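S.K.: In my numbering, the protein residues as written are 29 to 794.
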Ligand code: BGC
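1) Would you say the segment 588-604 touches the segment 680-693, given that touching needs at least three Cβ pairs under 8 Å?
2) Please name the residue in 518, 783 and 60 whose C-alpha comes closest to that of residue 362.
3) Would you identify the three-state DSSP class for residue 665, choosing helix, strand or coil?
4) Considering just the uninterrupted stretch of the beta strand (DSSP E) at residue 694, what are its terminal residues?
5) Report the residue from 116, 445 and 775 whose alpha carbon sits nearest the alpha carbon of residue 460.
6) Is the beta carbon of residue 345 less than 8 Å from the beta carbon of residue 256?
7) Output the residue ranges of the alpha helix (DSSP H) runs that lie fully inside the segment 742-785 and measure 4 residues or longer, sorted by chain position.
8) Could you tell me whether any non-hydrogen atom of the ligand NAP is closer than 7 Å to the CB of residue 231?
9) How long is the line joining the alpha carbons of residue 581 and residue 694, rounded to whole angstroms?
10) Give me, in chain order, the residues of the same chain whose beta-carbon lies closer than 7 Å to that of residue 174; leave out the 5 immediate sequence neighbours on both sides.
11) Buried or exposed: where does residue 609 fall if 16 or more other Cβ atoms within 10 Å of its Cβ makes it buried?
12) Would you check whether the ligand BGC has a heavy atom nearer than 7 Å to the C-beta of residue 223?
13) Take the Cβ of residue 456 as the centre, count every other Cβ of all protein chains shown within 10 Å, and call the residue buried at 16 or more, exposed below.
14) Is there contact between the segment 199-216 and the segment 555-570, where contact requires at least three CB pairs shorter than 8 Å?
15) Where the beta carbon is closer than 6 Å to any heavy atom of the ligand BGC, which residues qualify, in chain order?
16) Can you check which of these residues, 273, 391 and 122, is closest to residue 246 by C-alpha distance?
17) Among the residues of its own chain, which have a CB less than 6 Å from the CB of residue 634, if the five just before and after it don't count?
18) Do you know how far the Cα of residue 590 is from the Cα of residue 386?
19) Enumerate, from N- to C-terminal direction, the unbroken alpha helix (DSSP H) stretches of 4 or more residues contained entirely within the segment 556-592.
20) Please go through the segment 370-431 and give each complete beta strand (DSSP E) segment of 3 or more residues, from N-terminal end onward.
21) Measure how close the beta-carbons of residue 498 and residue 355 come, nearest whole angstrom, since I'm counting them as under 8 Å.
22) Which ranges would you report for the alpha helix (DSSP H) in the segment 181-223 if only whole runs of at least 4 residues count?
23) Grab me the residues of residue 451's own chain with a C-beta within less than 8 Å of its C-beta, minus the 5 sequence neighbours each way, in chain order.
24) Got a sec, what are the start and stop residues for the beta strand (DSSP E) residue 729 sits in?
25) Alpha helix (DSSP H) containing residue 149: first to last residue?
26) Looking only at its chain, what residues have a beta carbon closer than 6 Å to the beta carbon of residue 182, apart from the 5 residues adjacent to it on each side?
27) Counting only runs that start and end within the segment 484-525, where is the alpha helix (DSSP H) found for 4 or more residues in a row?
28) Is it the case that the Cβ atoms of residue 595 and residue 698 are separated by a distance below 8 Å?
29) Take the Cβ of residue 251 as the centre, count every other Cβ of all protein chains shown within 10 Å, and call the residue buried at 16 or more, exposed below.
30) Hey, how far is the Cα of residue 526 from the Cα of residue 171?
31) Just the C-alpha distance for residue 11 and residue 294, rounded to the nearest angstrom, thanks.
32) Contact between the segment 124-132 and the segment 542-554 is defined here as three or more beta-carbon pairs at a separation below 8 Å; is this criterion met?
33) Within the continuous beta strand (DSSP E) that includes residue 603, where are the two ends?
34) Compare the beta carbon distance of residue 52 and residue 314 with 8 Å and say whether it is the shorter of the two.
35) If I'm right that residue 650 touches residue 510 with Cβ under 8 Å, what's the distance once you round it to whole angstroms?
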């Protein structure tokens with residue numbers, strides 16, 4: 029018996045001894061963070077706390093009132109590391125702090141897709157790409173759960189905006205759902221089996237996620253084999269009995285007697301089978317037993333070690349976006365004067381707001397860390413440049429110019445103030461506050477050596493991009509971000525992070541710009557699968573900085589792409605190998621990326637899609653071979669007609685490189701697959717019978733019902749003009765017939781072609 033099934037067996041035994049009231053009581057929380065216990069049967073309770081990038085064990089209703097904990101970089105920063113091992117270590121550290129605080133379940137990771145760069149919680153989410161988000165999330169879950177603490181993968185599903193978040197209906201087709209919005213969950217569940225999944229607030233195609241059997245039962249449990257329990261997002265429950273029926277185990281926070289009574293009434297009225305109730309209680313209790321068994325009483329976490337890890341991770345999360353004339357790194361022992369400009373240098377923005385807000389155990393700032401690293405404050409000047417809301421003034425700009433002029437290099441700290449980015453609302457624009465842009469303009473006018481360090485959780489526009497020599501995307505890099513920025517600026521750490529989301533030139537260039545965020549409780553996902561780089565590629569639109577992009581203080585060269593075969597069957601796997609070499613003078617790490625492109629897709633597909641990545645560490649001059657294995661799913665699209673993943677036979681390009689827009693290696697493989705045969709129904713069009721291997725036999729008969737003798741052939745008695753008119757009429761009739769559903773032929777034949785005849789044909793073409 030697997031370990032999990034032992035907990036299930038124990039839970040089943042106890043559930044069989046419970047009253048209806050006890051069972052219903054367990055399915056709603058005891059207050060905000062704990063489950064109920066059943067003393068009579070020795071059933072304990074567990075404590076849940078946010079996550080995702082630091083423990084937020086609440087001490088009261090105020091979000092800021094929580095235990096001190098290590099604040100790691102938020103998800104958009106973490107994901108920019110493209111480093112699964114490091115993220116696994118972060119997960120393990122988070123779990124150790126959870127253990128130290130008697131928390132059994134961490135409410136994270138958040139892995140929703142960044143449908144729009146304006147999404148208010150994008151700072152808390154990994155990526156615009158499902159594979160990247162999924163693999164990083166699986167590593168995070170393995171890290172946390174490896175230390176005996178559960179995770180709650182959130183927010184399931186299609187939760188991509190904050191506007192009207194409690195009620196908004198995400199309306200999208202199944203292909204978009206399967207190709208974009210579900211795979212990160214699928215990868216996390218099939219690879220890492222989180223102990224719980226948190227269902228989202230929103231509806232999906234008209235049905236609340238908290239009572240959605242398609243999501244909670246068919247996909248999550250039956251298709252992906254999820255074993256844990258589903259918890260509602262805090263306040264996501266509507267019709268509790270429907271939720272139980274669909275597979276929502278736990279309502280959070282607790283609703284006292286309100287929903288308990290509703291469950292009992294539904295069972296008594298015969299609307300909710302007690303057997304179903306039992307199943308839902310069993311999967312919750314199995315995790316409760318597992319969690320309690322892994323509890324480490326009296327455990328203490330090493331917060332110094334975690335601060336050091338936070339600094340290391342932050343260093344791998346900060347992206348070098350521009351570095352003209354190799355202005356960076358700054359010389360440590362040199363004499364050059366440096367002006368640090370912008371209040372964020374001393375009072376950093378290092379995390380987002382809302383349920384993920386951590387009470388940091390320590391806090392570093394770039395100003396003090398740079399003074400420490402560069403050896404003394406005499407080289408370093410400072411001007412605040414703006415207030416904490418991002419507002420500047422003539423006087424603040426003058427002070428900044430003065431400092432910049434007196435220095436050899438100016439470093440401007442800018443980004444988004446707290447009020448611009450938070451859980452609970454979406455951003456109105458991708459622009460930074462006017463005061464920040466004005467400050468960068470003012471400094472760059474007087475100081476040619478200007479570096480911009482950004483602190484923001486999601487994409488921004490940069491109207492000044494051409495006017496500064498260097499740009500660091502510093503994200504919201506947590507409590508040790510100040511030290512990490514200093515490490516990167518001085519070259520102590522070589523930048524190796526890359527964008528996990530595209531930065532557009534203008535707000536209106538963004539995918540879903542015309543539809544986001546919907547209105548009147550409806551969000552139409554009209555752009556379909558085209559979000560992130562898939563959109564910019566398809567529209568042939570140049571982004572400000574593309575997905576996958578990031579510079580280093582060294583350079584890398586790619587070579588020797590070889591495929592295991594020139595042609596494969598869709599049941600085979602394909603090995604891909606290539607070499608990557610550090611061609612510069614310092615050690616560095618490169619996030620290598622592999623994309624697949626279908627040459628002639630039958631449906632509108634992205635130009636290319638990320639299918640594999642890894643991070644490679646290389647000493648100067650060192651070369652390593654990287655290998656990936658691709659499988660059928662990497663070539664597939666989700667066929668809406670057949671509701672199945674499908675490989676269309678044909679040629680696929682394998683593209684490899686260091687950014688979605690710079691892929692120097694390319695090879696093709698031909699994939700053989702059975703041609704997808706659609707199922708013919710009475711609604712199928714006549715032309716679909718013509719194109720169907722079995723249906724084509726019946727095509728002349730079906731078409732003939734209307735065409736009759738229309739195709740009468742050439743009649744020498746007709747004038748050329750009459751002949752042309754006849755052919756034109758014949759062509760129009762044929763177009764008309766081809767686009768006609770088969771069942772309509774019954775009416776057109778005035779009953780000569782009968783329902784029975786159609787059914788006979790349909791029976792023969794299956
Ligand atoms: C958020 C969740 C969070 C929960 C508990 C909700 O408002 O959407 O992400 O885990 O609150 O704080």
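All C-beta atoms in this analysis are idealised placements derived from N, C-alpha and C, irrespective of residue type, glycine included. What you are looking at is a predicted structure, and each value in this text was computed from that prediction instead of being measured.
M.R.: A quick look at the data gives this:
1) yes
2) Sequence index remark: in the chain shown, residue 362 carries index 334 (1-based). Of the candidates 518, 783 and 60, the one whose C-alpha sits nearest the C-alpha of residue 362 is 518.
3) Here residue 665 is taken as the residue at index 637 of the chain shown, counted from 1. In this structure, residue 665 counts as strand in the three-state DSSP scheme.
4) Translated into the one-based positions of the chain shown, residue 694 becomes position 666. Start and end: 693-700.
5) The residue given as residue 460 occupies position 432 in the chain shown. Residue 460 has its Cα closest to that of 445, out of 116, 445 and 775.
6) The sequence position of residue 345 within the chain shown is 317, counting from 1. The sequence position of residue 256 within the chain shown is 228, counting from 1. No, Cβ-Cβ distance for residue 345 and residue 256 is not below 8 Å.
7) 748-766 and 772-776
8) Among the ligands in the structure shown, the ligand NAP does not appear; only the ligand BGC can be found there.
9) Reading the chain shown from its first residue, position 553 is the one you call residue 581. Reading the chain shown from its first residue, position 666 is the one you call residue 694. Roughly 26 Å separates the two Cα atoms.
10) Here residue 174 corresponds to residue number 146 of the chain shown, with the count starting at 1. Closer than 7 Å at the Cβ level, and outside the excluded window around residue 174, lie 120.
11) One-based indexing of the chain shown puts residue 609 at position 581. Buried, since its Cβ has 16 or more Cβ neighbours within 10 Å.
12) Here residue 223 refers to the residue found at position 195 of the chain shown. No, the Cβ of residue 223 stays beyond 7 Å of every heavy atom of the ligand BGC.
13) Here residue 456 is taken as the residue at index 428 of the chain shown, counted from 1. The residue is exposed, with fewer than 16 neighbouring Cβ atoms inside 10 Å.
14) yes
15) 78, 135, 182, 261, 262 and 383
16) Reading the chain shown from its first residue, position 218 is the one you call residue 246. Measuring from the Cα of residue 246, the nearest candidate turns out to be 273.
17) Translated into the one-based positions of the chain shown, residue 634 becomes position 606. Contacts found: 562.
18) In the chain shown, counting from the first residue as 1, residue 386 sits at position 358. In the chain shown, counting from the first residue as 1, residue 590 sits at position 562. Cα to Cα, the separation comes out at about 47 Å.
19) 561-567
20) 408-411
21) Start at 1 with the first residue of the chain shown, and residue 498 comes out as number 470. Start at 1 with the first residue of the chain shown, and residue 355 comes out as number 327. Contact holds; Cβ gap of about 5 Å.
22) 211-220
23) In the chain shown, counting from the first residue as 1, residue 451 sits at position 423. 148, 149, 152, 190, 380, 381, 382, 383 and 384, listed in sequence order.
24) Taking the first residue of the chain shown as 1, we reach residue 729 at position 701. Residue 729 -> not in any beta strand (DSSP E); alpha helix (DSSP H) instead, spanning 727-735.
25) Position 121 of the chain shown, counted from the first residue, corresponds to residue 149. That residue, residue 149, is in no alpha helix (DSSP H); it is neither H nor E in DSSP.
26) For the purposes of this step, residue 182 is identified with residue 154 of the chain shown, where counting begins at 1. Answer for residue 182: 138 and 226, listed in chain order.
27) 509-517
28) Reading the chain shown from its first residue, position 567 is the one you call residue 595. Reading the chain shown from its first residue, position 670 is the one you call residue 698. Yes, Cβ-Cβ distance for residue 595 and residue 698 is below 8 Å.
29) What you label residue 251 is simply residue 223 of the chain shown in a count that begins at 1. That one is exposed.
30) Taking the chain shown and counting its residues from 1, the one referred to as residue 526 is at position 498. Taking the chain shown and counting its residues from 1, the one referred to as residue 171 is at position 143. Taking the straight line joining both Cα atoms gives about 22 Å.
31) This structure does not reach residue 11, given that the chain is present from 29 up to 794, and the question cannot be answered.
32) no
33) As a working mapping, residue 603 is identified with position 575 in the chain shown. 602-610 is the extent of the beta strand (DSSP E) around residue 603.
34) As a position in the chain shown, residue 52 is number 24, starting the count at 1. As a position in the chain shown, residue 314 is number 286, starting the count at 1. Contact flag unset, no.
35) Here residue 650 refers to the residue found at position 622 of the chain shown. Here residue 510 refers to the residue found at position 482 of the chain shown. Rounded, the Cβ-Cβ distance is 31 Å, inconsistent with contact.
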